[in-house]
Amino acid sequence: DVKVTQSSRYLVKRTGEKVFLECVQDMDHENMFWYRQDPGLGLRLIYFSYDVKMKEKGDIPEGYSVSREKKERFSLILESASTNQTSMYLCASSSGTAGGETQYFGPGTRLLVL
Amino acid sequence: GENVEQHPSTLSVQEGDSAVIKCTYSDSASNYFPWYKQELGKRPQLIIDIRSNVGEKKDQRIAVTLNKTAKHFSLHITETQPEDSAVYFCAASRTGGFKTIFGAGTRLFVKA
Numbered sequence: 009d010v011k012v013t014q015s016s017r018y019l020v021k022r023t024g025e026k027v028f029l030e031c032v033q034d035m036d037h038e039n040m041f042w043y044r045q046d047p048g049l050g051l052r053l054i055y056f057s058y059d060v061k062m063k064e065k066g067d068i069p070e071g072y073s074v075s076r077e078k079k080e081r082f083s084l085i086l087e088s089a090s091t092n093q094t095s096m097y098l099c100a101s102s103s104g105t106a107g108g109e110t111q112y113f114g115p116g117t118r119l120l121v122l
Numbered sequence: 009g010e011n012v013e014q015h016p017s018t019l020s021v022q023e024g025d026s027a028v029i030k031c032t033y034s035d036s037a038s039n040y041f042p043w044y045k046q047e048l049g050k051r052p053q054l055i056i057d058i059r060s061n062v063g064e065k066k067d068q069r070i071a072v073t074l075n076k077t078a079k080h081f082s083l084h085i086t087e088t089q090p091e092d093s094a095v096y097f098c099a100a101s102r103t104g105g106f107k108t109i110f111g112a113g114t115r116l117f118v119k120a
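Chains A and B, in that order, are what the protein sequence lines are.
So in this note's numbering, the last spot in the first sequence is 122, and the numbers never skip.
So in this note's numbering, the last spot in the second sequence is 120, and the numbers never skip.
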């Protein structure tokens, strides 16, 4: 059974703080993704990675960076948190090197930036 | 860029009735179409998917149809039950492309 875990379920941060969200998967998946979920907007891709140390921008990368030093771990970094980054953040992973595969999601981190 | 449009945004049905959610995609190279269900406070989970080499797929009370010419695909839930109440997301992706494009979601309410 695939397990994707995220470091926190809820986070409260102040404007300007540096925020780290961590995601770990235990299924040796090549691909990992970070999304943010906002009402009425669905799931929007922030960044993804298809291999260790590889990263690609998604649709809304501004204000975010990522790190993938190990295959099982993908971190999302908010360099200087702002109130418009208050959202639900979902990590996901998938297998395969060609794309077009099922994504397995973590439980999400609800971030509030004050 | 690529996008997936999903309708309706909200759907309310009586228990036992059918529910249909429709999606349209823009990238004609898309060949994988998953549907995810997200219950309140939980993570999205795959409930059914279809690849472009078939037109329909069923799994008990749920089915998905695909019309590649029109770039439409739909989720059909028959004999709805209260536990079907959730947000449903359609998505599209293609071989060789790592990105999955999600629809905005449909909130389904099943009234007992």
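Every residue gets a Cβ at the ideal spot worked out from N, C-alpha and C, and that includes glycine.
Is it the case that the segment 74-92 of chain A contacts the segment 14-30 of chain B, given that we only count it when at least three CB pairs across the two stretches are under 8 Å?
no
Considering only residues of the same chain and omitting the five flanking positions on each side of Glu109/A, which have a CB-CB separation below 7 Å? Ser102, Ser103
Quiz prompt | Backbone secondary structure at Asn92/A - three-state DSSP | solution = helix
**Prompt:** Using a Cβ cut-off of 9 Å, which residues of the segment 78-93 of chain B contact any Cβ in chain A, in chain order?
**Reply:** none
Contact test: Leu83/B Cβ vs the ligand NAD heavy atom, cutoff 6 Å
Inclusion of the ligand NAD in the displayed structure is not the case, the ligand content being empty and no account of it being possible.
Review point. What are the boundary residues of the beta strand (DSSP E) that includes Phe97/B?
Key: 94-100
Spell out the partners DSSP gives His84/B in its beta bridges. Val28/B, Ala71/B
| request: Check each candidate in Val62/B, Asn75/B, Arg59/B, Glu91/B and name the one with the smallest Cα separation from Arg69/B. | output: Glu91/B
*Residues that Thr114/B bridges to, as DSSP identifies them*: Tyr96/B
Within chain B, the residues that Gln111/A reaches when beta carbons sit closer than 7 Å = Thr108
Taking Val12/A as the reference, give the member of Cys99/A, Glu87/A, Val121/A with the closest Cα. Cys99/A
(Q) If we define contact as Cβ-Cβ less than 7 Å, is Gly50/A a contact residue for chain B? (A) yes
For this session: Return the residues of the segment 16-43 of chain B that lie within a Cβ-Cβ distance of less than 9 Å from chain A, sorted by chain order.
Result: Ser17, Ser38, Asn39, Tyr40, Pro42
* Asn39/A burial status per 10 Å Cβ neighbour count (16 or more: buried) -> buried
- Task: Counting only the same chain and skipping the five closest in sequence on each side, list residues whose C-beta sits under 6 Å from that of Ala100/B.
- Result: Val12, Tyr33, Ser38, Phe41, Ile109
Give me the DSSP bridge partner(s) of Pro42/B. Asp57/B
key: Simplified DSSP assignment, three categories, for Glu70/A   = coil
Backbone secondary structure at Glu23/B - three-state DSSP:
coil
- Can you name, in chain order, every residue of its own chain whose Cβ lies under 7 Å from the Cβ of Thr94/A, other than the five neighbours on each side? Leu119, Leu120, Val121
Query raised in the report: Is there at least one Cβ from chain B nearer than 7 Å to Val39/A's Cβ?
Result: Residue 39/A is actually Asn in this sequence, not Val. Yes, contact with chain B.
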